[in-house]
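Input: a single structure, listed below in C-alpha cells.
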C-alpha cells in the first residue's frame, strides 16, 4: 500500500524520423512517505516516466514495452481506463510545470480545486467548495476568500501553482507526482512554493516523485535521488551520498558544471570532460585558455544615465526601468540580475535602442546615442550587439546559416567580395566551435546549444565591441550552458569584448561578471563587485535572493542537513 | 460587462451614421441614380420625392431632413409603388425572413455542433470521416443547387413537403433545411477544429489527471474553449444567413425581405433598396453586439473592455 | 541532428504534401479541370453561343457530349467556356484580395499601435456587413460590369486575408529573429520583405487556396440572382441557375455544370486542407 514500483519500464515514440526510445528499461521505487527526486536534462526521459504512471501519454504515438508499474498490487500499465480514472486524482495526483496553461481559464479557481472531491464522490459540491476554500487558505491563496469567483488569469504564477498543489492534495492521495512544478517560477517564489509543498506532504504523509532538471533544487527536499540520462537510470542513491560520493561520470559532471555562488574558476567543466575525458566530441573553439590578466581599462565603454523606460498597458503606464544609471568599463562584464518584472530585459534592450526610452541618456565611448534614426545609428548598430534567450526563435527559419551570417556584412559593407565574406563567416563559425560543413544547413537541423553558438557568431559578424547577453543560457540544460558560458568568456578574452550579462540566475551571473547590479521593480537596489554581492549583501532583497537559491547551488561545500533546512519564509 | 455593452453601443452609433451618410451621397451622385436630372421620372413619384426629400432645398438641409426622417423610422415612399411606405413593406416582409433565419440557425447549430464534437472525440474513425466528408460536400454545394435537389427528392418524388410558398409550418421545412444544412457544414468543421485544439490543451490533461470522465472533460472543460470559434463565426454567419435568404426566398417563392430587396434592386426602386440597406445594417450591428456579449459570457478574459 | 543534405522548410512541406493522397488527387483533379476548360472550347465544333433552334433540349449524345439547352446551344462548349470564366474570376478576385489583404495586414501588424487599432476597426466594421448588399447596391447604381464584379468580390475577400496576415505578422514581429535583425541594423524594408514576408508565405498560400472556392461560390450566387455575368456569356454559376430552372425537363443541364463546379470546389478545399497540414505540422488534424 502506498508503494510505487517501476520495473523495466520501456517507452518508445513513433515519429517521422523513426522509433525513438524515450525510456529504455528503468527501475524505480518510491516507498510510503518518501520523497524521491528524478533528475535529468532534456531528452533524459524523466517527464515521460512521470506521465506514464498515470497513463497520460497519448497512445499512439507512445508505445510501451514489457515493463510494469506496480501500485497497490496492480500493474498500472494493464489497467483499463475506468479503473485508471478511479486512481487518478484520488490515490495518485499530479502537478505540472506551467500553472497558466494547466489551469482551465474558463473555470473559477475554487471550482477547479473542489473538483477532485466531486469527481470521486468524496463529498457533495457545497461541502467540496468549503473544503477547497480551507485548502487554498492553507497554501496561502487568500484572495479566493474575498473573491470566490476569481479566474486563473487574475493570479500570479506562484499563486496559481499553490492552487494546483491544493487541487492535487485535497483528496489526500498517497502519492504525488510533481513534473517540474517550480521551473517556470521566479527564484524567490520557487522557494516559497517548495516549502509549502514539503510541509503539506509531510503533514499528510504523501510520498512524492519530484521531477526536475535541477539537481541542487531536488536536494532541498528529496530523501533519495535518481538520475536519468538518455532514457536510462545512471545512478540512484540517498541525497547526501549523491552529492558527496557521486559514482557515475554524468552525475559528477552535473554537479561540477553548474556554477555555484562560490565558483571561482575561469572555466566551467562540461559534461564532455567527464564522459569522454581527453576526447574532443565538439570542436573546441580556437583560442582556449584565456590568460587571467584582464584587458580591463578604466575607460567607460557604455554608460547609461538616468534611464527611464515606460510602457502603456491597460492599467495605465508602467515604468519598466525607473531612473537607472550604469557604467560599464571596457573589456569587463557587468551582470544584471533580477526576477521577472525587474526591468532587466527592458534595460538591456533600451541600451541598444530596441525599445524607446522615455528619458535619460546613453553614451557609447562618450558619444551620446540618440533615438532611432539618428545620424550615427548604423555605426552604433555595428558596435553594439545582442544575443537572445531563445535560440529557436532567434534565427530566421528560412535562411541558411550562410545567408544569415553574410547578411549583416552586406548591410554594413564589410568584406569586399562574396568570397571574402564567406571566408569570414567560416572563420567565425570555427571560432564558436562549428565548421564549414554547417554553412548550407537550416536552423531547424541544429540543437539548441549549436543554434546559440550560431547566434553568437552572427553577433560577431559586425565586429562589435559591446554585447548584451539577454538570458542567453537560461533556456538550456546545465551541460550545454557550461559550454556556451565558456565560449563567451574565451571570446571576451581573445577579442576584448565588453558584456552586459542579464540573467535571473545569480550563480551564472556571478560566474560571468566583474560587477553586478541587482534590479527589482525597475530600479537598481544594489550594485557592487561580484564577490561583495555574495559575501556581503547590503539589502534585504539581495539577501532574500541569495537565500532562495537551493543550498546545493549556493555552495559546493554545503552542510547537508535535510530536510529541515528551509531557505527562509 | 456593463462597460462592454455601453462601449459597443457607442461604437455602433458612428458606424450607422457613416453608413447613412454614405448611402445619402451615393444616391445623390450615382450616375443613373434617382436624383440624376437626366432620368425621366413619372410625375407623381417626382412630387413624392420632392416632398419627402426636400429636393428644392440646399444640400445640407436635405441631409438633415434625411437624418431626421431616419431617426423617426421614416424611410420614405417606395419608388416603384408610391402608395406604400418603405417601412411598411419592411415590416410585413421581415418577420417572414426572421422566422426562416432563426429556424435555419437552429438547424445549423443542432446538427453542426454535435456532429463536430463527436467527430473530434472519435478522430480518424468513420464517425469522423463520414460527417466531415458530408460537411465538405455541404460547403461546396451552393444553396441554389441543394434547394432544387431537396425539392426534387423530398417534394416531387416523395411528396413529403410542399415545394413553394409560405403558408403554414409545413412550408418552413425545406427552405430552412436547405439554408440550415449549409451552415451546419461550416459549424461542424469549426466545432471539430476548435474541440481538437482544446482537447490538446494542458488544462485538459490536468482534468484527466484528476480522474475526470471523458464526458465531464467534454462538457465542463473542453466545451467552452472549443465552441469559441463557433461563437466568433456567428457574426459572419448572421451576415451569411441574410445573404442566403435572398437565394432561398427566390427558389421557394417566399415573401420575405430578401426577395423584396432583390426585386427592388431589379426594379430600381431606390428608396426601397436604400431603406433595406439601412435596416440590414442596423440589424447586423445589433446582432454583432449580441455575439460580443455571448463571447464575453463564455470567455472570462474577454470581459474586460479595453 | 546533422543530416547529410540540407532540407529547407519548403522541401519538407512538399514531401508532406506528396504523402497526402487526398491532396495530391485534388491537385490532379484541378489540373484536369483547368485543362478541359482551357482546351474544351477550342476542341469542340460548336461555339458556346451558337444557337441551333431545331436541336433544343437534346439529351447527351455523340454530337452533343453534354446535351443542349433551351436555345440549342451545346452544353459541353458552354460548360468548358463557363469554366474559363469561373476559374478566371476565382483566380483574379483571389489575386486582388491577396495583394490588398496581405499588404494591409502586414503593415497593420508591423506598425502596431494606434494605426493598427484603427485599421483593424475598419476591417471589423466591413467584416460584419453582408457584402452582397453592397454589391447589389453598386450594381443598381452603376450598372453591371464584369470588371466591377470581380473587383467587388476581391474587395470583400481581402478582409479575411488581412486578418490572417496581421495575426501572423504580430506573431513573427515578436519573434527574436526579427529583433535580432533590427539590432543588426537592417532597414524596415529589408525586414519586411526579406524576413517577414517569406515566413508569411505558408499561411498566405493556404488561405489563398481556400479563398478561390469562396469567391467562386459568391460569383455563383450573384449569377443566380441575375447579377453575375451577362448572357450569352456563361459561368458555372449562371449555367447552374439555368439548369436548376429546367431540372425536371432536362436534368443534364444542371448535372454537368453542377458536377464541374462542385468537384472543383471540393478539390480546392481538400488541397487547402492538405496544404495547411503540410505547412504547419502542428495543426489539429493529427
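Chains as they are written, first to last, in our numbering: chain X, 26 to 594; chain B, 2 to 307; chain G, 237 to 522.
Cβ atoms here follow ideal geometry from the backbone N, Cα and C, with glycine treated the same way.
Exercise for the section: Determine the contact status of residue 349 of chain G and residue 452 of chain G, defining contact as a CB-CB distance below 8 Å. Expected result: The residue given as residue 349 of chain G occupies position 113 in the third chain. The residue given as residue 452 of chain G occupies position 216 in the third chain. It is not a contact, given that the beta carbons lie outside the stated cut-off.
Problem - Where residue 202 of chain B meets chain X, residues with beta-carbon distance less than 8 Å - result: By 1-based counting over the second chain, the position of residue 202 of chain B is 201. Those are 126, listed as they occur along chain X.
Handout entry: Contact list for the stretch 422-444 of chain G against chain X, Cβ threshold 7 Å
Key = 422, 431, 434, 435
Handout entry: Residues near residue 589 of chain X by beta carbon distance below 7 Å, same chain, minus five either side
Key = Residue numbering aside, residue 589 of chain X sits at position 564 when the first chain is read from its first letter. Its pLDDT being 38, under 50, residue 589 of chain X is placed unreliably by the model, and nothing is read from it.
Problem - the stretch 65-75 of chain X contacting the stretch 194-206 of chain X, beta-carbon criterion three pairs below 8 Å - result: A contact between stretches requires three or more CB pairs, one per stretch, nearer than 8 Å, and the stretch 65-75 of chain X meets this requirement with the stretch 194-206 of chain X.
Problem - Under 8 Å between C-beta atoms of residue 570 of chain X and residue 510 of chain X - result: In the first chain, residue 570 of chain X corresponds to position 545, counting from 1. In the first chain, residue 510 of chain X corresponds to position 485, counting from 1. Cβ distance not < 8 Å, so residue 570 of chain X and residue 510 of chain X don't count as in contact.
Practice task
Please report the Cβ distance between residue 39 of chain X and residue 86 of chain X, rounded to the nearest whole angstrom; I am assuming they are in contact, meaning their Cβ atoms lie under 8 Å.
Solution key: Within the first chain, the letter at position 14 stands for residue 39 of chain X. Within the first chain, the letter at position 61 stands for residue 86 of chain X. Right, their Cβ atoms sit about 4 Å apart.
Exercise for the section: Give the secondary structure of residue 318 of chain X by DSSP, where H, G and I count as helix, E and B as strand, and everything else as coil. Expected result: For the purposes of this step, residue 318 of chain X is identified with residue 293 of the first chain, where counting begins at 1. Annotation note: pLDDT 42 at residue 318 of chain X (below 50); position unreliable, coordinate value reported separately. Correct three-state label for residue 318 of chain X: coil.
Handout entry: Per-residue contacts from residue 407 of chain X into chain G (C-beta, under 8 Å)
Key = Here residue 407 of chain X is taken as the residue at index 382 of the first chain, counted from 1. Residues of chain G passing the Cβ test: 421.
Exercise for the section: Mind reading off the beta-carbon distance from residue 447 of chain G to residue 507 of chain G? Whole number of angstroms is fine, and I expect it under 8 Å. Expected result: Here residue 447 of chain G is taken as the residue at index 211 of the third chain, counted from 1. Here residue 507 of chain G is taken as the residue at index 271 of the third chain, counted from 1. No, residue 447 of chain G and residue 507 of chain G are not in contact; Cβ-Cβ is about 12 Å, not under 8 Å.
Handout entry: Coarse secondary structure for residue 322 of chain G, derived from DSSP in three states
Key = Position 86 of the third chain, counted from the first residue, corresponds to residue 322 of chain G. DSSP places residue 322 of chain G in helix when its eight states are reduced to three.
Handout entry: residue 303 of chain G to residue 425 of chain X span [Cα, whole Å]
Key = By one-based count along the third chain, residue 303 of chain G stands at place 67. By one-based count along the first chain, residue 425 of chain X stands at place 400. Answer to the nearest angstrom: the Cα atoms are 57 Å apart.
Practice task
Could you say which of B/131, B/86, B/198 lies nearest to residue 271 of chain B if we only look at CA atoms?
Solution key: Working through the second chain from its first residue, we reach residue 271 of chain B at position 270. Answer by Cα proximity: B/86.
Exercise for the section: Answer yes or no: does any C-beta atom of chain B fall closer than 8 Å to that of residue 495 of chain G? Expected result: Residue numbering aside, residue 495 of chain G sits at position 259 when the third chain is read from its first letter. Not one chain B Cβ lies under 8 Å of residue 495 of chain G.
Practice task
Would you kindly work out how many angstroms separate the C-alpha atoms of residue 268 of chain X and residue 361 of chain X, rounded to a whole number?
Solution key: Against the first chain, residue 268 of chain X aligns to sequence position 243. Against the first chain, residue 361 of chain X aligns to sequence position 336. When rounded, the distance between both Cα atoms is 30 Å.
Practice task
May I have the straight-line CA-CA distance separating residue 33 of chain X from residue 200 of chain X, to the nearest angstrom?
Solution key: The residue labelled residue 33 of chain X in the question sits at position 8 within the first chain. The residue labelled residue 200 of chain X in the question sits at position 175 within the first chain. Spanning the two alpha carbons is a distance of roughly 20 Å.
Exercise for the section: Let me know if residue 438 of chain X comes out buried or exposed under the rule of 16 or more other beta-carbons within 10 Å of its beta-carbon. Expected result: Position 413 of the first chain, counting from 1, holds the residue named residue 438 of chain X. Exposed.
Problem - Test: residue 108 of chain X CB closer than 8 Å to a CB of chain B - result: Locating residue 108 of chain X in the first chain gives position 83, where the first residue counts as 1. Not an interface residue.
Handout entry: Contact with chain B by residue 498 of chain G, beta-carbon distance below 8 Å
Key = As a position in the third chain, residue 498 of chain G is number 262, starting the count at 1. Chain B, which has a Cβ nearer than 8 Å to the Cβ of residue 498 of chain G, makes this yes.
Problem - CB contact check: residue 413 of chain X to chain G, cutoff 8 Å - result: The count along the first chain starts at 1 and reaches residue 413 of chain X at position 388. Interface residue, yes.
Problem - Alpha carbon of residue 210 of chain G to alpha carbon of residue 126 of chain B, nearest angstrom - result: Past the boundaries of the shown model lies residue 210 of chain G; chain G is included only from 237 to 522, so the question cannot be answered.
Problem - Outcome for residue 67 of chain B when other beta-carbon atoms lying within 10 angstroms are tallied against a minimum of 16 - result: The count along the second chain starts at 1 and reaches residue 67 of chain B at position 66. Answer is buried; the Cβ neighbour count reaches 16.
Exercise for the section: Residues of the stretch 279-310 of chain G with a CB closer than 9 Å to any CB of chain X: list them in chain order, please. Expected result: none
Exercise for the section: Could you name the residues of the stretch 136-164 of chain X whose beta carbon sits closer than 7 Å to any beta carbon of chain B, in the order they occur along the chain? Expected result: From the stretch 136-164 of chain X, only 140, 141, 144, 145 have a Cβ closer than 7 Å to chain B.
Problem - Cβ shell of residue 133 of chain B (< 8 Å), same chain only, five flanking positions each side left out - result: The count along the second chain starts at 1 and reaches residue 133 of chain B at position 132. Counting only Cβ-Cβ distances below 8 Å, and skipping sequence neighbours, we find 120, 189, 190, 193.
Exercise for the section: Answer with buried or exposed for residue 431 of chain G, where buried requires no fewer than 16 other C-beta atoms within 10 angstroms of its C-beta. Expected result: For the purposes of this step, residue 431 of chain G is taken as the residue at position 195 of the third chain. So residue 431 of chain G ends up on the buried side.
Handout entry: Inter-residue spacing [alpha-carbon to alpha-carbon] between residue 405 of chain G and residue 416 of chain X
Key = Residue 405 of chain G sits at position 169 when you count from the first residue of the third chain. Residue 416 of chain X sits at position 391 when you count from the first residue of the first chain. If I take the Cα positions, the gap works out to 20 Å.
Problem - Check whether residue 296 of chain G and residue 472 of chain G have beta carbons under 8 Å apart - result: Here the question's residue 296 of chain G lines up with position 60 in the third chain. Here the question's residue 472 of chain G lines up with position 236 in the third chain. Between residue 296 of chain G and residue 472 of chain G, the C-beta gap is not smaller than 8 Å, which leaves the two residues out of contact.
Problem - DSSP three-state assignment for residue 485 of chain G, whether helix, strand or coil - result: Looking up residue 485 of chain G in the third chain gives position 249. Looking at residue 485 of chain G - three-state DSSP - the assignment turns out to be coil, as it is neither helix nor strand.
Handout entry: Own chain, CB closer than 7 Å to residue 493 of chain G, minus 5 neighbours either side, in chain order
Key = For this step, residue 493 of chain G is matched to residue 257 along the third chain. Here the set comprises 315, 318, 472, 475, 476, 479.
Handout entry: Cut-off 8 Å between Cβ atoms - residues of its own chain near residue 196 of chain X, not counting five sequence neighbours on either side
Key = What you label residue 196 of chain X is simply residue 171 of the first chain in a count that begins at 1. The residues are 114, 115, 118, 141, 142, 145, 147.
Exercise for the section: For residue 229 of chain X, name the three-state secondary structure that DSSP assigns. Expected result: Counting from one through the first chain, the residue named residue 229 of chain X turns up at place 204. Annotated three-state conformation of residue 229 of chain X is helix, per DSSP.
Practice task
May I have the straight-line CA-CA distance separating residue 456 of chain X from residue 482 of chain X, to the nearest angstrom?
Solution key: Walking along the first chain from the start, residue 456 of chain X turns up at place 431. Walking along the first chain from the start, residue 482 of chain X turns up at place 457. Each residue's Cα considered, the two are about 8 Å apart.
Practice task
Pull up the DSSP beta-bridge partners for residue 96 of chain X, would you.
Solution key: Looking up residue 96 of chain X in the first chain gives position 71. Looking at the DSSP assignment, residue 96 of chain X forms a beta bridge with X/29, X/99.
Handout entry: Contacts that residue 142 of chain B makes with chain G (C-beta to C-beta distance below 7 Å)
Key = The sequence position of residue 142 of chain B within the second chain is 141, counting from 1. Ordered by position in chain G, the residues that pass the 7 Å Cβ test against residue 142 of chain B are 498.
Problem - Residues bridged to residue 384 of chain G [DSSP beta-bridge criterion] - result: Counting from 1 along the third chain, the entry for residue 384 of chain G is found at position 148. Paired residue(s): none; residue 384 of chain G is not in a bridge.
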